[in-house]
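Here is the structure we will look at, set down as structure tokens.
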Amino acid sequence: MADERFSSRLGLSEYAIRAYIALVSHHPVNGSQLSINSGIPRARIYDVLRNLKERGLVSEVQKGIYVPLPPEEFIRRLRQKYEADLIALESRLKEVKKKTEYEFIWTIKGYQHAIDKAKDLILSATGEIYIRAFPEESHHLDRYLKRAAKRAVQIKYISMKPCPLTFDLQVIHPEYENIENILGGRTFDMVIDRKECLGGQFTRGREDEDSVYWAKNRWFVIAMRDSLRHDYYHYFLDKIYIQNQKLSKRDKRIYEIIAKDY
């Protein structure tokens, strides 16, 4: 199964990969011995070897005796080939790229795909990240956010349950206990550098069936960012009027930053 996975990705047949791996593990050998070592039918092994020789992946050092191209050279060639192919493809796509008249919204289905996209966006951030997340999602993303903070990216974090305040501009949403029940799931929202946003909701036990939405549409980005920014005001007002508490020095400093953060 692993050999089949490699072969489909590298443009080689499953037999070719199996023969090469068997040859790396034991060489020099003749075709008959390689057939036994690799489990490839003897009737097919010489066609496989011929193909590998044509690709330069196997050498015949004596008549009927074979050795593999050293693995490090094999990997180097593959890496070089695919890198060159990707560069050529990128160039071609730039040539034919049509200026987009519409700013689409992309659907990303499945929990792991959603988390992976969030990680990619965090890694791409250069200025600021607004994020609202429950602990289940924070568990996957906080280490990436910490790395972003070390790059001087400003992290504006609304946590949906009590937790250590790891980030400078982090607050706890005042209605964290009710929101999941009211909305039927864990909301997740993120805005990167005022350019891209990612948002959706995860239903407990059905996360792999849920979707999030990724957009670069200017108005979607503005609306989501403004929603997250106003969660800070929700936090301040709840503390003052519901909890009857004074804002701490930390709260006041955060307020001053958010109030000017249009």
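This note's numbering puts the first residue of the sequence shown at 38, with every later residue one more than the last.
C-beta: ideal position from N, C-alpha, C; glycine also.
All values derive from a computational prediction rather than experimental measurement.
Taking 9 Å as the cut-off, decide whether the C-beta atoms of residue 251 and residue 235 are in contact. yes
Measure the CB-CB distance between residue 145 and residue 156 and report whether it falls below 9 Å. no
Going by beta carbon distance, what residues of the same chain come within less than 7 Å of residue 162, once the five residues before and after it are set aside? 185, 190, 229 and 230
C-alpha distance - residue 192 paired with residue 201, whole-angstrom precision: 15 Å
Within 10 angstroms of the Cβ of residue 84, are there 16 or more other Cβ atoms? Answer buried if so, exposed if not. exposed
With distances taken Cα to Cα, identify the nearest neighbour of residue 195 among 224, 188 and 220. 224
Cut-off 6 Å between Cβ atoms - residues of its own chain near residue 209, not counting five sequence neighbours on either side: 196 and 199
Which first and last residues belong to the beta strand (DSSP E) in which residue 23 is found? Residue 23 lies beyond the stretch modelled for the chain, which goes from 38 to 299, so this question has no answer here.
Buried or exposed: which applies to residue 71, given that a residue is buried once 16 or more other Cβ atoms fall within 10 Å of its Cβ? buried
Under the three-state DSSP convention, the category residue 226 falls into: strand
Neighbourhood of residue 268 by C-beta distance below 7 Å, restricted to the same chain and skipping five residues each side: 169, 195 and 210
Just mark residue 98 as buried or exposed, buried being the case when its beta carbon has 16 or more other beta carbons within 10 Å. exposed
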